[in-house]
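Protein chains: 2
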Amino acid sequence: MKAKVYVTIKQNVLDPQGNAVQGALHTLGFNEVGKVRIGKYLEIDLDTNDRAQAEEKLKTMCEKLLANTVVEDYRFELEG
Amino acid sequence: MKAKVYVTIKQNVLDPQGNAVQGALHTLGFNEVGKVRIGKYLEIDLDTNDRAQAEEKLKTMCEKLLANTVVEDYRFELEG
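Now the structure itself:
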């Protein structure tokens with residue numbers, strides 16, 4: 001089973017990396033670019049066929065390690 | 101119009117960050133975790149309603165700045 005995990009900075013938290021990329025895109029002439037937010041995207045192979053258990057485990061992984069839930073949100077999708 | 105951009109490390113390129121996260125998840129007791137690959141996820145607001153033009157611009161942004169196409173792949177989705 002394969003999981004796709006998205007970790008994003010919460011809406012009301014500053015994203016300096018996103019602001020830097022926005023500035024760089026403007027410098028390159030992409031003036032139609034508005035807000036840019038940057039997060040992480042993880043692909044995780046899971047050696048299990050139990051979907052409910054996989055979801056439970058993934059939630060714990062995100063809370064414990066993958067996301068800093070003070071400033072970040074996470075969501076995930078399971079495939080296969 | 102809103103774009104979601106995914107930048108991932110190419111399959112045959114080593115991902116030390118992913119390996120580190122895999123090791124950490126094993127240490128935390130998640131032994132069902134196999135390969136972990138880590139990429140970037142960007143949300144970009146675009147001030148345009150021309151979908152074809154937006155796709156063209158995004159492609160150029162990815163090639164020029166957002167992805168290092170030597171070692172990274174990218175893909176994007178347009179919404180709205």
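Residue numbers (my numbering), protein chains in the order written: chain A, 1 to 80; chain B, 101 to 180. All C-beta atoms in this analysis are idealised placements derived from N, C-alpha and C, irrespective of residue type, glycine included.
>> Would the stretch 107-123 of chain B count as touching the stretch 28-38 of chain A if we require 3 or more Cβ pairs under 8 Å?
In response: no
| query | In chain order, which continuous runs of the alpha helix (DSSP H) of length 4 or greater are located wholly inside the stretch 148-173 of chain B? | reply | 151-161
The alpha helix (DSSP H) with A/Gly23 in it runs from where to where?
16-27
- Query: Roughly how many angstroms separate the alpha carbons of B/Asp41 and A/Met61, rounded to a whole number?
  - Reply: Nothing can be reported for residue 41 of chain B: it is not among the residues displayed for chain B, which extend from 101 to 180.
task: Report buried or exposed for B/Lys135, applying the criterion of at least 16 other Cβ atoms within 10 angstroms of its Cβ.
output: exposed
Have a look at B/Phe176 and A/Gly39 and give me their C-alpha separation to the nearest angstrom.
14 Å
Taking CB distances under 8 Å as the criterion, tell me whether A/Arg75 reaches chain B.
no
**Asked** In or out: B/Val107 buried (at least 16 other Cβ within 10 Å) or exposed?
**Response** Under this definition B/Val107 is a buried residue.
- Query: Who are the neighbours of A/Val13 on chain B, taking C-beta pairs under 9 Å?
  - Reply: Going along chain B, no residue has its Cβ under 9 Å from A/Val13, so there is no contact; the nearest lies around 14 Å.
Handout entry: Residue nearest to A/Gly80 in terms of C-alpha spacing, selected from A/Leu66, A/Glu72, A/Asp73, A/Thr48
Key = A/Thr48
*Can you give me the start and stop residues for the beta strand (DSSP E) that B/Val107 sits inside?*
102-109
| said: Is it buried or exposed, A/Ala54, if we count other Cβ atoms within 10 angstroms and call 16 or more buried? | reply: It is buried - the Cβ of A/Ala54 has at least 16 other Cβ atoms within 10 Å.
| said: Taking 8 Å as the threshold (C-beta atoms), are B/Val133 and A/Ile44 in contact? | reply: yes
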